[in-house]
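Heads up, the sequence shown is in the working numbering, so the first residue is -9 and it goes up one at a time.
Built from N, CA and C at the ideal position, the CB exists for glycine as well.
As the structure is a prediction and not an experimental result, all values here were calculated from the model.
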Amino acid sequence: MDVRFGLPGLGPPATGPAVVATIGNFDGVHLGHRALLAELRRRAEGAGALTLVCLFAPHPRAVLAPASTPGLLTTLDARRRWLQPLGVDRVQVVEFTRRVSQLRAETFLDRLRGRHRLVGLVVGPGFAIGHRRHGTAEVLGAHGDAHGFWVAEVPPTADGGRRISSTLVRERVAAGDMAGAARMLGRPFELTGLVVPGDRVATRLGFPTANLRCRPEQLLPAFGIYAVWARRAGGRWWPAVASIGVRPHFGGGPVVVEVHGLEPPGDLYGARLEVRCLDRLRDEARFVSDTALQAQIAADVEAAAAILARAARPADPDG
């Protein structure tokens, strides 16, 4: 997969292989996105063209309305990783800035056409880009008629009567509904973080953990205890229990993500860890004693082991 960065300046239309494109943030690469990408691939094959996904990063609301910026389901690297097996030939990563937000949709496409020979554009339901979102499928279709490309709109993909969207998936993750999120993602929700030194409280209790430092824009599930699969990035998956929250038993504090392996994971300091959340076991809680907490953690480990024993271990190393 060919990944390019930046938005080209205005210039003559590109030559070279024809491309059929789609544009968006694609946070989560969920089943709605996958349906759109399947149509993109089908139409590109019919046109003898390559597929192109134009990705915005950061999320537009991080620029236009920072106070309401949603937590992200997937980092940019994760989106690129999930796009690769879906028949995407090219990815154009465009930094979303206020200047980009002021561009007319037609100007944006003309600049994209300066790098890719666009013959078609596939968009999702309600799609609109450009200043004040004036660039609807209808507007872009008229522009395409004048410049040699067509525009096709893909119908929505629904879950329980609601259109699958990144917003809907975020709702499920934020509620701790891992099954609901996985149903719409087509896979378990995943978070990533760098393993950093902790205060070793869990080790003293007999349950050593890897402490993850996640990116600040990463959406975290509802606070609580989870049955998860974990691995070093690109390595072998192992069963684990994750604690996400403020550790009320120890007086609360900043949000932490801790992962205890049910199999010895080896030295993880400095490693990037990927964690797939299968099921939420319980809320965070404060206990009457450390002994009571130890007993509860042991029960959590047993419950997680039973859940993970019934689940298929993800394929290694790229599953």
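Asked, Found
"Chain-order list of residues whose beta-carbon lies under 8 Å from that of PRO187 (same chain, five-residue window excluded)", "ASN201 and TYR259"
"Rounded straight-line distance, which links the Cα of ALA232 to that of LEU164", "The question names Leu, but residue 164 is Ala in the sequence shown. So the two alpha carbons sit approximately 16 Å from each other."
"Three-state secondary structure assigned by DSSP to ASP100", "helix"
"Short Cβ contact (9 Å threshold) for VAL53 with GLY14", "no"
"Every unbroken beta strand (DSSP E) inside the region 121 to 200 [3 residues or more]", "140 to 143 and 179 to 186"
"Cβ-Cβ distance between VAL159 and ARG262 below 9 Å", "no"
"CA nearest to the CA of PRO50, picked from VAL144, ARG107 and LEU62", "LEU62"
"With 16 other Cβ atoms within 10 Å as the buried cut-off, status of ASP269", "buried"
"With 16 other Cβ atoms within 10 Å as the buried cut-off, status of SER279", "exposed"
"Buried or exposed (CB count within 10 angstroms, at least 16 for buried), THR87", "exposed"
"heavy atom of the ligand MG below 8 Å from ALA296 C-beta", "The ligand MG is absent from the structure shown, which contains no ligand whatsoever."
"Inter-residue Cα distance where the pair is ASP257 and ARG221", "12 Å"
"Buried or exposed (CB count within 10 angstroms, at least 16 for buried), GLU253", "exposed"
"Residue of THR5, GLY243 and CYS267 minimising C-alpha distance to GLY104", "THR5"
"Residue closest to ASP273, alpha-carbon to alpha-carbon, out of HIS239, ALA295, HIS250 and THR281", "HIS239"
"Alpha carbon of LEU76 to alpha carbon of ARG33, nearest angstrom", "14 Å"
"Spatial neighbours of GLY183 in its chain, beta-carbon cut-off 8 Å, leaving aside the 5 residues before and after", "LEU202, ARG203, CYS204, ARG205, GLN208, VAL247, ARG262, LEU263 and VAL265"
"Three or more C-beta pairs below 8 Å linking the region 120 to 133 and the region 67 to 75", "no"
"Beta-carbon proximity check, LEU93 vs GLY116, cutoff 9 Å", "no"
"Buried versus exposed, by CB contacts within 10 Å (16 or more), PRO307", "At PRO307, the pLDDT of 48 sits below 50, so the modelled position is not reliable; the number obtained from the coordinates is stated separately. PRO307 comes out exposed."
"Rounded C-alpha distance that separates VAL245 from VAL236", "5 Å"
"Backbone CA spacing between CYS267 and VAL9 [nearest angstrom]", "36 Å"
"Counterpart residues of PRO229 in DSSP-defined beta bridges", "TRP219"
"Sub-9 Å separation of ASP(-8) and VAL81 beta-carbons", "yes"
"Cα-Cα separation between HIS250 and LEU195, rounded to whole angstroms", "12 Å"
"Closest Cα partner of SER155 within the set PRO178, PRO229 and ALA171", "ALA171"
"Every unbroken beta strand (DSSP E) within the region 252 to 305, with a cutoff of 3 residues, ordered by chain", "262 to 272"
"Beta-ladder partner(s) of GLN74, from DSSP", "Paired residue(s): none; GLN74 is not in a bridge."
"Residues bridged to VAL249 [DSSP beta-bridge criterion]", "ALA200 and ALA232"
"C-beta atoms of GLY22 and PRO146 nearer than 9 Å", "yes"
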